[in-house]
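Numbering (UniProt numbering), first residue to last: 1 to 576. By construction, the Cβ of each residue, glycine as well, lies at the ideal position given by its N, Cα and C atoms. Computed from a predicted model, the values in this text were never measured in an experiment.
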């Protein structure tokens, strides 16, 4: 029994889910609570809270295997994991969030199957387990380190070293390849949803002896770090995305498919294009993320979509009339002037929609006529801030200023070749027309990515574990080059009709209809059907939650707040 006082959000007079939930559908949990997976009898003891969101909350928990399993000699790996901490995502007890959780489980299981042979390059967080406890979906993930937003904030919103941005970008491109192979669109890529596997990247280097390891801006050490893309709760398959888009109907200015966070939202989502939404919206988000890592602040900040469209126009030029004709709500943000569509001013927009105290001036955070000038100017400014904290003893202030300028220009000159490649990479991702953006296949071969992923391609082609990934990588590799090369793969995998179809001869121009048939065939394999059936069986077999003991009142348990450090917390076991 927890003796913590209830918070203001705690239910005092009305019980939901037999007293386990608050008014918002979140499970009320305290440090020391224990969750039991009814299928495996594995227990998870809550240690603390990691975060929360619209979906629910995330807690840190200690894994404990059952006695019989822990003594089994065949379960050495499980015993190693038995005393590790994990992160449990507890979904709100609402029908729409339950549906979303089932979709996330399905997509994660599908991605884990595709990336099983390339675990060293699997950049999407693995789903360790999942179960239903007290009518709440609980998704178990490995506990990782901080997200990229926290790293940028910890670096005082200065740009990260360009070598470090390159490493992160390489892994983000690999995640795009995996998502595209499974025909899954993430729909919510942002720095908050990209986690690091350790704390090394975010540690500020205070040791003067290690200053040589730092490159670029700030004091972030340039070390090798693995990232994991998380939060597939908003993801859709390409087929589901088109169904959702058609269901809404796009009433002008009112209804549209609300996906992606505002700063990373693609133009076709804002303008409600009539064309189907594809993986190109994730490509746009990746371009925004890479730019933010270099700048230290969002590339397209804004409090509403009109501001974002103004920033798009200032940086990328205006949207073509052909694209605007395909938009359902272009009239909300654009007006006809001189036979061309022009963006409305903030005053016109506020007057038309009767917005009181609306924004009339857009602040410029990174002045610059184009993307190249904006990023270079910001990095020079950041280097100046960083250099001012390492002043040397100079005869006069003028000489000190001259020395600082020389050091800054020398550092910029050193990183400029790689920085120009990064800027070109961003430009390939940020195009008004989604069909003109680079595909994951072409980003895979971009000069900014370097040779690491291409090395991975050759390595896994001849690796015993990665033998099945030959077809996966070869499809992207050959498609990107659009070669006429023919390869015989009968010795690698005989009798596999699906793989033979996916690795058929590539002609100079890739046949889109044939590629679509291949993808559809992949999505209709027994793997996909098996995953769906497992989810349904597991949900149907879950036990009904038993009534809570009368001695455990809601007033005593309360709701999440700052979890106190309890010297010996009492256990409250929650079973399915």
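Item: Going by DSSP, which residues form a beta bridge with residue 574?; Value: 35
Item: I need the straight-line Cα distance from residue 86 to residue 53, nearest angstrom please.; Value: 18 Å
Item: Determine, using beta carbons only, whether residue 426 and residue 383 come nearer to each other than 8 Å.; Value: no
Item: Quick check on residue 348: buried or exposed, where buried means 16 or more other Cβ atoms within 10 Å of its Cβ?; Value: exposed
Item: For residue 300, does the count of other Cβ atoms within 10 angstroms reach 16, so buried, or fall short, so exposed?; Value: buried
Item: Let me confirm a value: residue 417 is counted as buried when at least 16 other C-beta atoms fall within 10 Å, else exposed. Which label applies?; Value: exposed
Item: Residue 22: buried (16+ other C-beta within 10 angstroms of its C-beta) or exposed?; Value: buried
Item: If you draw a straight line from the C-alpha of residue 345 to the C-alpha of residue 284, how long is it?; Value: 25 Å
Item: In the DSSP assignment, find the beta strand (DSSP E) that holds residue 52 and state where it starts and stops.; Value: 43-52
Item: Pull up the distance between the alpha-carbon of residue 186 and that of residue 192, whole angstroms please.; Value: 13 Å
Item: Residue 94 to residue 343, Cα distance in whole Å?; Value: 40 Å
Item: On the DSSP letters alone, give me the boundaries of the alpha helix (DSSP H) that residue 166 sits inside.; Value: 162-181
Item: Here's the rule: buried if 16 or more other CB atoms are within 10 angstroms of the residue's CB, otherwise exposed. What is residue 247?; Value: exposed
Item: Quick check for students: name the residue ranges of the beta strand (DSSP E) that lie wholly in the segment 282-363, counting only runs of 3 or more.; Value: 334-337 and 340-343
Item: Which same chain residues, not among the five before or five after residue 323, have their C-beta less than 7 Å away from its C-beta?; Value: 432 and 433
Item: Leaving out five residues on either side along the sequence, give the residues of the same chain with a beta carbon under 7 Å from the beta carbon of residue 108.; Value: 127 and 232
Item: Do you know offhand how far residue 137's Cα is from residue 303's?; Value: 33 Å
Item: Output the boundary residues of the beta strand (DSSP E) element that contains residue 434.; Value: Unbroken run through residue 434: none, as it is neither H nor E.
Item: Using C-beta distances below 7 Å, list every residue in its chain close to residue 41, excluding the 5 sequence neighbours before and after it, in chain order.; Value: 66
Item: By the 10 Å Cβ neighbour count, where 16 or more other Cβ atoms means buried, how is residue 352 classified, buried or exposed?; Value: exposed
Item: Contact check, residue 440 vs residue 180 under 8 Å by CB: the rounded distance?; Value: 5 Å
Item: According to DSSP, is residue 214 helix, strand or coil?; Value: In this prediction, residue 214 has a pLDDT of 45, which is less than 50 and means its spatial position is unreliable; nothing more can be read from the coordinates.
Item: For residue 190, count the other beta carbons within 10 Å of its own beta carbon; 16 or more makes it buried, fewer makes it exposed. Which is it?; Value: buried
Item: Could you tell me which of 290, 298 and 244 sits nearest to residue 278, measuring between CA atoms?; Value: 244
Item: With DSSP as the reference, label residue 238 as helix, strand or coil.; Value: helix
Item: In whole angstroms, what separates the C-alpha of residue 319 from that of residue 271?; Value: 11 Å
Item: What would DSSP say about residue 440, mapped onto helix, strand or coil?; Value: helix
Item: Are the segment 285-300 and the segment 157-169 touching, with three or more C-beta to C-beta distances below 8 Å?; Value: yes
Item: If you count every other CB in all the chains shown that lies within 10 Å of the CB of residue 435, and 16 or more means buried, which is it?; Value: exposed
Item: Who does residue 64 pair with in a DSSP beta bridge?; Value: 43
Item: So what does DSSP say about residue 57, is it helix, strand or coil?; Value: strand
Item: Measuring only the C-alpha atoms, how far is residue 194 from residue 574?; Value: 31 Å
Item: Around the Cβ of residue 103, are there at least 16 other Cβ atoms within 10 angstroms (buried) or fewer (exposed)?; Value: buried
Item: For residue 412 and residue 380, which I take to be in contact (beta-carbon distance under 8 Å), what is that distance rounded to the nearest angstrom?; Value: 6 Å
Item: Quick check on the burial criterion: 16 or more other C-beta atoms within 10 angstroms. Buried or exposed for residue 188?; Value: buried
Item: Grouping DSSP H, G and I as helix and E and B as strand, with all else coil, what is residue 17?; Value: coil
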